[in-house]
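Undergrad:
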């Protein structure tokens, strides 16, 4: 056998001896506890049952109190440091505030402007009186489907009007309405408060729009409708002929329907204003938007306060029986004296109806809100307008120039005027018949 083989055999024999020694040691250790267990069991069998366990062998819970060592004094509780969360809870509303949420608030609490922390910025939250519900009912869906099917646009959507749920989602077919926006959805001007799209070269006019508009309004079966339009400075007539055709189409399809037109200034061309007025609308509206001092900063530079007053004056001059109307936004930084001045200028030009509403910033690209005007302040301006001789004034945070708040009143006035005209013409006809007889 070689040397390597001898070394391998020695190593194997060593391993065998080591394994045998380990097995013997394990056997000895395992036999000791077994003998102890056998001894303990035999002892328990022979011991009498009356032997009581010793006191040190009784098992007890760690929380058991020894009456002998119990102290009569209650230890003081360790004081917990106050936290921000606890401070907020203590300073917040009580349980009674949640049980009776309809408790009346004081004027200062009701009109308090609240803020919120968004990241590192502090933003002003929308006041409660400016929040509106989300539209979901069938009237809303029907109007939206009709508009899409006829390729029509509305100022309700394009200008992000907060009243869309109220106007489109009226409780009945007769109360649901939308303000149609003529001449497309893109304006040639860029006012700092308006969210309508702007472009120097908008798409050409849709020649079918007047017919489609009349058809949509006929389907809705309304008694009073409002039309508005984007400014089209790219057109020679500013879109005046398109305006006139739309009004005449509506009157052909629905002769009893009352039509309000909210027009632009036609770049100061008063002949175009007269053309639109002669088309047969019942109410002519043109918005001054804000006070004279803020006009250059709020409206497009092509829109001027005095030019807007002239548009309203010419419309009234062309048709004295026509109701003229305008709208003013509040919350842009105007003063009470400036509002008073604007109202006096409107009355000098025989404007019949004025509306006041809260300016609401449509996007971050537009003017910031200077102040949120309270409902009490809006009521003050409504009463002031009536005292100055305006035929009607709608004034409130959510009032807009085309909002239906004043339509019922204006509709009633127009119907009364029409009835008086028919009575006068009837009396004149009877008188003429008597003379000929």
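Numbering (full-length UniProt numbering), first residue to last: 1 to 437.
Ideal placement from N, C-alpha and C gives every residue a C-beta, glycine not left out.
All values derive from a computational prediction rather than experimental measurement.
(1) Take the Cβ of residue 246 as the centre, count every other Cβ of all protein chains shown within 10 Å, and call the residue buried at 16 or more, exposed below.
(2) What alpha helix (DSSP H) runs, 4 residues minimum, are completely inside the stretch 340–367?
(3) Near residue 422, which residues of its chain fall below 8 Å by C-beta distance, leaving aside the five closest residues on each side in sequence?
(4) Taking its Cβ as the centre, do 16 or more other Cβ atoms sit within 10 Å of residue 438, making it buried, or is it exposed?
(5) Using a threshold of 8 Å, state whether the C-beta atoms of residue 354 and residue 374 are closer than that.
(6) Closest to residue 271 by CA distance: which of 332, 310, 256, 222 is it?
(7) Okay, do the stretch 209–221 and the stretch 274–290 touch, 3+ Cβ pairs below 8 Å being the bar?
(8) Pull the bridge partners of residue 330 from the DSSP assignment, please.
(9) Could you check what DSSP says for residue 409 in three-state terms: helix, strand or coil?
(10) First and last residue of the alpha helix (DSSP H) that includes residue 246?
(11) Can you name, in chain order, every residue of its own chain whose Cβ lies under 6 Å from the Cβ of residue 409, other than the five neighbours on each side?
(12) Rounded to the nearest angstrom, what separates residue 287 and residue 417 at their Cα positions?
(13) Evaluate residue 389 with the Cβ neighbour count: other Cβ atoms within 10 Å of its Cβ, from every protein chain shown; 16 or more gives buried, anything less gives exposed.
(14) With contact counted as at least three CB pairs below 8 Å, one residue from each stretch, are the stretch 329–337 and the stretch 355–372 in contact?
(15) Please return the same chain residues whose Cβ sits closer than 6 Å to the Cβ of residue 202, not counting the five positions on each side in sequence.
(16) Under the three-state reduction of DSSP, which class applies to residue 415: helix, strand or coil?
(17) Hey, how far is the Cα of residue 256 from the Cα of residue 295?
(18) Can you tell me whether residue 419 is buried or exposed, with buried defined as 16 or more other CB within 10 angstroms of its CB?
(19) Is residue 213 helix, strand or coil by DSSP?
(20) Please determine, among 401, 412, 415, the residue with the shortest C-alpha to C-alpha distance to residue 227.
(21) Using only the alpha-carbon positions, how far apart do residue 305 and residue 283 sit?
(22) Comparing C-alpha positions only, which one of 324, 320, 340 sits nearest to residue 291?
(23) Closest to residue 206 by C-alpha separation, out of 191, 239, 350, 315, would be which residue?
(24) Drop a sphere of 10 angstroms on the beta-carbon of residue 118, count the other beta-carbons inside from all chains shown, and report buried for 16 or more, exposed for fewer.
(25) Return the CA-CA distance between residue 266 and residue 120, expressed in angstroms with no decimal places.
(26) Give me the Cβ distance between residue 307 and residue 264, rounded to the nearest whole Å; I'm assuming they're in contact under 8 Å.
(27) Evaluate residue 199 with the Cβ neighbour count: other Cβ atoms within 10 Å of its Cβ, from every protein chain shown; 16 or more gives buried, anything less gives exposed.
TA: Considering the structure as presented:
(1) As a position in the chain shown, residue 246 is number 246, starting the count at 1. Looking at its Cβ environment, which holds 16 or more other Cβ atoms inside 10 Å, residue 246 is buried.
(2) If we require 4 residues or more, the stretch 340–367 turns out to have no alpha helix (DSSP H) run fully inside it.
(3) Numbered from its first residue, the chain shown carries residue 422 at position 422. If we look at residue 422 and ignore the five residues flanking it on each side, it has no Cβ neighbours.
(4) Residue 438 lies beyond the stretch modelled for the chain, which goes from 1 to 437, so this question has no answer here.
(5) As a working mapping, residue 354 is identified with position 354 in the chain shown. As a working mapping, residue 374 is identified with position 374 in the chain shown. In this structure, residue 354 keeps its C-beta atom at 8 Å or more from the C-beta atom of residue 374.
(6) Within the chain shown, the letter at position 271 stands for residue 271. It is 310 whose Cα lies nearest to the Cα of residue 271.
(7) Not touching, per the Cβ criterion.
(8) Numbered from 1 along the chain shown, position 330 holds the residue referred to as residue 330. In the DSSP output, where bridge partners are listed per residue, residue 330 has 358.
(9) Walking along the chain shown from the start, residue 409 turns up at place 409. Three-state result, residue 409: helix.
(10) Along the chain shown, read from residue 1 onward, the residue named residue 246 stands at position 246. Residues 240–253.
(11) Here residue 409 corresponds to residue number 409 of the chain shown, with the count starting at 1. For residue 409, same chain residues with a beta-carbon under 6 Å away, outside a window of 5 residues either side, are 392 in chain order.
(12) For the purposes of this step, residue 287 is identified with residue 287 of the chain shown, where counting begins at 1. For the purposes of this step, residue 417 is identified with residue 417 of the chain shown, where counting begins at 1. Whole-angstrom Cα-Cα distance: 24 Å.
(13) As a first step, residue 389 is located in the chain shown; it is residue number 389 there, counting from the start. Its Cβ having fewer than 16 others within 10 Å, residue 389 is exposed.
(14) Contact between the stretch 329–337 and the stretch 355–372 is present, with at least three C-beta pairs closer than 8 Å.
(15) Residue mapping note: residue 202 aligns to position 202 of the chain shown, counting from 1. Hits under 6 Å: 184, 186.
(16) By one-based count along the chain shown, residue 415 stands at place 415. Here residue 415 sits in helix by DSSP.
(17) The sequence position of residue 256 within the chain shown is 256, counting from 1. The sequence position of residue 295 within the chain shown is 295, counting from 1. Residue 256 and residue 295: Cα-Cα distance of roughly 37 Å.
(18) Indexing the chain shown from 1 puts residue 419 at position 419. Residue 419 should be labelled exposed.
(19) Position 213 of the chain shown, counting from 1, holds the residue named residue 213. In the three-state scheme derived from DSSP, where H, G and I count as helix and E and B as strand, residue 213 is classed as helix.
(20) Mapped onto the chain shown, residue 227 falls at position 227. If we check each option's Cα against that of residue 227, 401 comes out closest.
(21) As a working mapping, residue 305 is identified with position 305 in the chain shown. As a working mapping, residue 283 is identified with position 283 in the chain shown. Cα to Cα, the separation comes out at about 21 Å.
(22) Locating residue 291 in the chain shown gives position 291, counting from the first residue. Residue 291 has its Cα closest to that of 340, out of 324, 320, 340.
(23) Here the question's residue 206 lines up with position 206 in the chain shown. Distance check between residue 206 and each of 191, 239, 350, 315 places 239 closest, using alpha-carbon atoms only.
(24) Here residue 118 refers to the residue found at position 118 of the chain shown. Exposed is the call here.
(25) Here residue 266 is taken as the residue at index 266 of the chain shown, counted from 1. Here residue 120 is taken as the residue at index 120 of the chain shown, counted from 1. For residue 266 and residue 120, the distance between alpha carbons rounds to 46 Å.
(26) On the chain shown, position 307 is the one that residue 307 refers to. On the chain shown, position 264 is the one that residue 264 refers to. Contact flag wrong, Cβ pair sits at about 10 Å.
(27) Residue mapping note: residue 199 aligns to position 199 of the chain shown, counting from 1. Its Cβ having fewer than 16 others within 10 Å, residue 199 is exposed.
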